[in-house]
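Shown next, in structure tokens, is the structure this report addresses.
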Amino acid sequence: MDAEAGVAGADQLPRRQYYLNLLLLAYQSFGVVYGDLSTSPLYVYKSTFSGKLRHYQDEETVFGVLSLIFWTFTLIPLLKYVIIVLSADDNGEGGPFALYSLLCRHAKLSLLPNQQAADEELSSYYRNGFAPRNGSSPWSRRFLEKHKKMRTLFLLIVLCGASMVIGDGVLTPAISVLSSMSGLHVRATGLHHSSVVLLSCIVLVGLFALQHRGTQKVAFMFAPIVIIWLLSIGGIGLYNILHWNPNVYQALSPYYMVKFFRKTGSEAMFADLGHFTSASVRVAFITVIYPCLMLQYMGHAAFLSKNTFHMPTGFYDTIPEPVFWPVFVVATLAAVVGSQAVISATFSIVKQCHALGCFPRVKVVHTSRWIYGQIYIPEINWILMVLCVAVTIAFRDTTLIGNAYGIACMTVMLVTTFLMALIVIFVWQRNIIFSLVFLVFFGSIEAVYLSSSLMKVPQGGWVPLVLAFIFMSVMYIWHYGSRRKYQFDLQNKVSMRSILSLGPSLGIVRVPGVGLIYTELVTGVPSIFSHFVTNLPAFHEVLVFLCVKSVPVPYVSPDERYLVGRIGPKEYRMYRCIVRYGYKDVQRDDDNFENMLVMSIAKFIMMEAEDASSASYDIANEGRMAVITTTDASGSPLAMRDFDGLADSMSTRSSKSESLRSLQSSYEQESPSVNRRRRVRFEVPEEDGMGQQVKEELTALVEAKHAGIAYIMGAFLYQSQEELKFPEEVCY
Numbered sequence: 001m002d003a004e005a006g007v008a009g010a011d012q013l014p015r016r017q018y019y020l021n022l023l024l025l026a027y028q029s030f031g032v033v034y035g036d037l038s039t040s041p042l043y044v045y046k047s048t049f050s051g052k053l054r055h056y057q058d059e060e061t062v063f064g065v066l067s068l069i070f071w072t073f074t075l076i077p078l079l080k081y082v083i084i085v086l087s088a089d090d091n092g093e094g095g096p097f098a099l100y101s102l103l104c105r106h107a108k109l110s111l112l113p114n115q116q117a118a119d120e121e122l123s124s125y126y127r128n129g130f131a132p133r134n135g136s137s138p139w140s141r142r143f144l145e146k147h148k149k150m151r152t153l154f155l156l157i158v159l160c161g162a163s164m165v166i167g168d169g170v171l172t173p174a175i176s177v178l179s180s181m182s183g184l185h186v187r188a189t190g191l192h193h194s195s196v197v198l199l200s201c202i203v204l205v206g207l208f209a210l211q212h213r214g215t216q217k218v219a220f221m222f223a224p225i226v227i228i229w230l231l232s233i234g235g236i237g238l239y240n241i242l243h244w245n246p247n248v249y250q251a252l253s254p255y256y257m258v259k260f261f262r263k264t265g266s267e268a269m270f271a272d273l274g275h276f277t278s279a280s281v282r283v284a285f286i287t288v289i290y291p292c293l294m295l296q297y298m299g300h301a302a303f304l305s306k307n308t309f310h311m312p313t314g315f316y317d318t319i320p321e322p323v324f325w326p327v328f329v330v331a332t333l334a335a336v337v338g339s340q341a342v343i344s345a346t347f348s349i350v351k352q353c354h355a356l357g358c359f360p361r362v363k364v365v366h367t368s369r370w371i372y373g374q375i376y377i378p379e380i381n382w383i384l385m386v387l388c389v390a391v392t393i394a395f396r397d398t399t400l401i402g403n404a405y406g407i408a409c410m411t412v413m414l415v416t417t418f419l420m421a422l423i424v425i426f427v428w429q430r431n432i433i434f435s436l437v438f439l440v441f442f443g444s445i446e447a448v449y450l451s452s453s454l455m456k457v458p459q460g461g462w463v464p465l466v467l468a469f470i471f472m473s474v475m476y477i478w479h480y481g482s483r484r485k486y487q488f489d490l491q492n493k494v495s496m497r498s499i500l501s502l503g504p505s506l507g508i509v510r511v512p513g514v515g516l517i518y519t520e521l522v523t524g525v526p527s528i529f530s531h532f533v534t535n536l537p538a539f540h541e542v543l544v545f546l547c548v549k550s551v552p553v554p555y556v557s558p559d560e561r562y563l564v565g566r567i568g569p570k571e572y573r574m575y576r577c578i579v580r581y582g583y584k585d586v587q588r589d590d591d592n593f594e595n596m597l598v599m600s601i602a603k604f605i606m607m608e609a610e611d612a613s614s615a616s617y618d619i620a621n622e623g624r625m626a627v628i629t630t631t632d633a634s635g636s637p638l639a640m641r642d643f644d645g646l647a648d649s650m651s652t653r654s655s656k657s658e659s660l661r662s663l664q665s666s667y668e669q670e671s672p673s674v675n676r677r678r679r680v681r682f683e684v685p686e687e688d689g690m691g692q693q694v695k696e697e698l699t700a701l702v703e704a705k706h707a708g709i710a711y712i713m714g715a716f717l718y719q720s721q722e723e724l725k726f727p728e729e730v731c732y
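Residue numbers (UniProt numbering): 1 to 732.
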């Protein structure tokens, strides 16, 4: 019986831990995901009753608006995003580019030329590990894969959605902070509107100025602020329902929405509901976000139904006098949190765009050693700040900013619906009827909202269109130029026959050392190599053509990161290494890149020696690559050991023991506590089972590593004997 109890306890522990982790993630999502959504009550009703609806200020109209908000909120964020779209995440990542990368892997829709078949061997390449059924591909997949113009149009649609998300990074801070600061008008009646705008700009400048410090130091405060804010507005909403109009629940009937449209027409369809695009953890949304926001909207409607003259002033009039200032402070903090979440998301999507070849190189700063993915992009940050302050000063009104905000968010929602319809076919492999039902049902709702919001283009709605056009142009031109450059390099690569004709010395002197030649080609030798051979008097004994490649998956496992192959016969000592990163991976030298590269090549040499087919060089096998596992050192022919001592690594060149040929190398390693020099020794054991040719090649590799590594990146050469300054760490 005790044994049975022990088994039961062991089974319950993982389940209990699972629920604890689920609650923790739900708690964290409040500050990271729902910040902008939770501040929507600050401006929704004010924006709704700012147009022609100001002539329909009666209880029936208020009930109609509440019914519209309730059903839109239920159908789009709850049904579409939380229940359906969340099921189509790309290994835990969401957004337009995450859905795009998912489709590119399953339907071959990418225009990027360097996505090779070898990437399909990644365990995370296909959703749930299942590849599409090529034998039963629907006509739609064949049509899109065959017509390049359709794939180009598809990319433009995705770029439009991504550009609107970046535009959201400009508009969300402006409307959130200005809406929260407008509460000063309610109590400080003598305060001029220009002063409110000035205070809002000061808050915005301070928010962007602190981005370089990262959010990890204050991130723990985000979730409590949003939770306190949600509970506050939920309680205020419940109070207003009981105090002003308990019958407001009747507005939840769609009858009032239909009656509302009969009375006002489609002019009032746009109620600035675009902020409902945010969706994350279902538990947080269903248990807290949804009920608290609906209580607030219902309470606000109950207040307005009995106080129609307060419609133009908005949220702060509904707050009871005793709790006004505490709620004002919490609202301002919640607006800052919501703005911070959108700014961080903008940094993330810019990084994703670059990783997928659709954005220029920008400086990416990793602001945290411990929190994965905390990044800061200075150029984007200052551009967002200037645009955000300019929008706040130019419009000075949340209604006009809301018009722009709505167009941006509704466009993103429509793009997401379009991508989801394709995912239903290509990824989920469902019947096209399900895709059409999803597209028609949600697309028609969002298209009506978007068409109504486009009527407000002259009243501020032009801002996201202009921003989207600029960002789309930059991204598409960069993508087009990168694609053409790759095609040029591919067409002008050096032929293997010309390299073989030079002989093992390549026609020049081979000196000790490792030369890392960076190239974008995943096959062949770049044309710049012939320039080096022609103009340099000597070259390194070991040459590695290194390709740092972004693949359309969020993360690449360290065991699948390195692809290693050989160029030419063994005596040429030329290798190719492809280092693969996902669009959410941090490309840094934390994993000791130099040592991992040497270990990967050594493992490849051993693997090749075990393959009988590689005993002699065959040009037909040129380009064959092998995935090298780096986390498991058990199968490595080299032993990498740490040792203490201050002796210069160069002094070990003459000290060889009878049983070991060793290489010492040193490099700097950052430690959270201290900066210290770590010293590493590679050893080639004298094993009876190791062939003489393999032993000589491994010895040449470690001696070349001992002599130093040169980083050859196109127009310049960087020499280092100790630490790797990986280019992708600073500039992506």
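Note that CB positions come from ideal geometry on N, CA and C, so glycine has one too.
**Message:** Taking its Cβ as the centre, do 16 or more other Cβ atoms sit within 10 Å of Asn-381, making it buried, or is it exposed?
**Reply:** The sequence position of residue 381 within the sequence shown is 381, counting from 1. So Asn-381 counts as buried.
**Request:** Would you mind sorting Ser-505 into buried or exposed? The rule is 16 or more other CB atoms within 10 Å of its CB.
**Result:** Along the sequence shown, one-based indexing puts residue 505 at 505. Label assigned to Ser-505: exposed.
**Request:** Assign Glu-697 to one of two classes, buried (16 or more other C-beta atoms within 10 Å of its C-beta) or exposed (fewer than that).
**Result:** Locating residue 697 in the sequence shown gives position 697, where the first residue counts as 1. Glu-697 is buried by the Cβ-count criterion.
**Message:** Quick check on this structure: which residue in Leu-78, Ala-707, Trp-325, Lys-584 has the alpha carbon closest to the alpha carbon of Ala-98?
**Reply:** Working through the sequence shown from its first residue, we reach residue 98 at position 98. Nearest option by C-alpha distance: Lys-584.
**Request:** For the beta strand (DSSP E) holding Val-511, just list the boundary residues, first then last.
**Result:** As a first step, residue 511 is located in the sequence shown; it is residue number 511 there, counting from the start. Its beta strand (DSSP E) spans residues 509–518.
**Prompt:** Quick one: what does DSSP say Arg-573 is sitting in, helix, strand or coil?
**Reply:** Position 573 of the sequence shown holds residue 573. Of the three classes helix, strand and coil, the one that applies to Arg-573 here is coil, per DSSP.
**Buried/exposed call for Asp-36, threshold 16 Cβ in 10 Å** = Within the sequence shown, numbered from 1, the residue matching residue 36 stands at position 36. Under this definition Asp-36 is a buried residue.
**Asked** For the alpha helix (DSSP H) that contains Met-181, what are its first and last residues?
**Response** The count along the sequence shown starts at 1 and reaches residue 181 at position 181. Start and end: 148–181.
**Asked** Is the number of C-beta pairs between the region 559–579 and the region 345–358 that are closer than 8 Å three or more?
**Response** no
**Asked** Do the region 522–540 and the region 492–499 make contact, defined as three or more Cβ pairs closer than 8 Å?
**Response** yes
**Prompt:** What is the residue span of the beta strand (DSSP E) that Val-627 lies within?
**Reply:** Counted from its first residue, the sequence shown places residue 627 at position 627. 625–628 is the span of the beta strand (DSSP E), which, as asked, contains Val-627.
**Asked** How long is the line joining the alpha carbons of Pro-291 and Ile-225, rounded to whole angstroms?
**Response** If you number the sequence shown from 1, residue 291 lands on position 291. If you number the sequence shown from 1, residue 225 lands on position 225. Roughly 17 Å separates the two Cα atoms.
**Gly-708 versus His-540, Ser-557, Glu-446, residue with shortest Cα-Cα distance** = The residue you call residue 708 lines up with position 708 of the sequence shown. Considering only alpha carbons, the answer is His-540.
**Prompt:** What's the C-alpha gap between Leu-20 and Thr-287?
**Reply:** Here residue 20 corresponds to residue number 20 of the sequence shown, with the count starting at 1. Here residue 287 corresponds to residue number 287 of the sequence shown, with the count starting at 1. Distance between the alpha carbons of Leu-20 and Thr-287 is about 16 Å.
**Prompt:** Buried or exposed: which applies to Ile-605, given that a residue is buried once 16 or more other Cβ atoms fall within 10 Å of its Cβ?
**Reply:** Residue mapping note: residue 605 aligns to position 605 of the sequence shown, counting from 1. With 16 or more other Cβ atoms within 10 Å, it is buried.
**Asked** What is the residue span of the beta strand (DSSP E) that Ala-538 lies within?
**Response** The count along the sequence shown starts at 1 and reaches residue 538 at position 538. That run of the beta strand (DSSP E) goes 538–551.
**Message:** If you reduce the DSSP assignment to three classes, tell me which class His-366 lands in.
**Reply:** In the sequence shown, counting from the first residue as 1, residue 366 sits at position 366. Reduced to three states, the DSSP call for His-366 is strand.
**Message:** Only counting the same chain, and skipping five residues up and downstream in sequence, which positions put a Cβ closer than 7 Å to that of Ile-423?
**Reply:** Here residue 423 refers to the residue found at position 423 of the sequence shown. Excluding positions up to five away in sequence, the list reads Ala-88, Leu-99, Leu-102, Leu-103.
**Request:** Could you name the residues of the same chain whose beta carbon sits closer than 8 Å to that of Cys-160, not counting the 5 residues immediately before and after it, in chain order?
**Result:** Indexing the sequence shown from 1 puts residue 160 at position 160. Excluding sequence neighbours, Cys-160 sits near Thr-411, Val-415, Ala-468, Met-472.
**Item:** Helix, strand or coil at residue 740 according to DSSP, with G and I counted as helix
**Value:** The first residue shown for the chain is 1 and the last is 732, placing residue 740 beyond what the model contains.
**Item:** For Val-525: DSSP bridge partner residues
**Value:** By 1-based counting over the sequence shown, the position of residue 525 is 525. Per DSSP, Val-494.
**Request:** Can you say whether Pro-464 is buried or exposed, counting buried as having 16 or more other CB atoms within 10 angstroms of its CB?
**Result:** As a first step, residue 464 must be located in the sequence shown, where it is residue number 464. Burial call: buried.
**Asked** Hey, how far is the Cα of Ile-712 from the Cα of Val-702?
**Response** In the sequence shown, residue 712 corresponds to position 712, counting from 1. In the sequence shown, residue 702 corresponds to position 702, counting from 1. Answer to the nearest angstrom: the Cα atoms are 20 Å apart.
**Request:** Pair every Cβ in the region 65–84 with every Cβ in the region 236–255, then say whether three or more of these pairs are closer than 8 Å.
**Result:** yes
**Request:** Tell me Leu-563's beta-bridge partners as DSSP assigns them.
**Result:** Counting from one through the sequence shown, the residue named residue 563 turns up at place 563. In the DSSP output, where bridge partners are listed per residue, Leu-563 has Ile-578, Val-627.
**Item:** Run of the alpha helix (DSSP H) containing Tyr-43, from where it starts to where it stops
**Value:** Here residue 43 corresponds to residue number 43 of the sequence shown, with the count starting at 1. It is not in any alpha helix (DSSP H) - Tyr-43 carries neither H nor E in the DSSP assignment.
**Request:** Leaving aside the five residues before and after Pro-552 along the sequence, list all residues of the same chain whose C-beta is less than 6 Å from its C-beta, in chain order.
**Result:** Translated into positions along the sequence shown, residue 552 becomes position 552. Only Ser-101, Cys-104, Arg-105 meet the Cβ criterion.
**Message:** What does the Cβ neighbour count give for Arg-16, buried or exposed, with the cut at 16 atoms within 10 Å?
**Reply:** The residue you call residue 16 lines up with position 16 of the sequence shown. Under this definition Arg-16 is an exposed residue.
**Request:** Report, in whole angstroms, the separation of the C-beta atoms of Ile-401 and Ala-107, which I expect to be a contact under 8 Å.
**Result:** In the sequence shown, residue 401 corresponds to position 401, counting from 1. In the sequence shown, residue 107 corresponds to position 107, counting from 1. About 38 Å; that fails the 8 Å criterion.
**Prompt:** Quick one: is Gln-296 buried, meaning 16 or more other Cβ sit within 10 Å of its Cβ, or exposed?
**Reply:** By 1-based counting over the sequence shown, the position of residue 296 is 296. With 16 or more Cβ atoms within 10 Å of its Cβ, Gln-296 is classed as buried.
**Item:** Nonlocal neighbours in the same chain, by C-beta distance under 7 Å from Val-389, ignoring five residues either side
**Value:** To locate residue 389, count along the sequence shown from 1; it is residue 389. These residues qualify, in order along the chain: Cys-201, Leu-204, Val-205.
**Prompt:** Using the beta-carbon count (16 or more within 10 Å), is Leu-155 buried or exposed?
**Reply:** In the sequence shown, the residue the question calls residue 155 occupies position 155. With 16 or more other Cβ atoms within 10 Å, it is buried.
**Prompt:** Any chance the CB of Ala-707 is under 7 Å from a heavy atom of the ligand HEM?
**Reply:** Summarising the ligand content, the structure contains no ligands, and the ligand HEM is consequently not present.
**Message:** Using only the alpha-carbon positions, how far apart do Glu-446 and Met-413 sit?
**Reply:** Sequence index remark: in the sequence shown, residue 446 carries index 446 (1-based). Sequence index remark: in the sequence shown, residue 413 carries index 413 (1-based). In a straight line, the C-alpha of Glu-446 is about 7 Å away from that of Met-413.
**Message:** So, with DSSP's three-state summary, where would you put Arg-677?
**Reply:** Mapped onto the sequence shown, residue 677 falls at position 677. The pLDDT assigned to Arg-677 is 42, lower than 50, so where the model puts this residue is not dependable; a value taken from the coordinates is nonetheless given after this. Strand.
**Prompt:** DSSP three-state call for Met-413: helix, strand or coil?
**Reply:** By 1-based counting over the sequence shown, the position of residue 413 is 413. The answer is helix: DSSP assigns Met-413 an H, G or I state.
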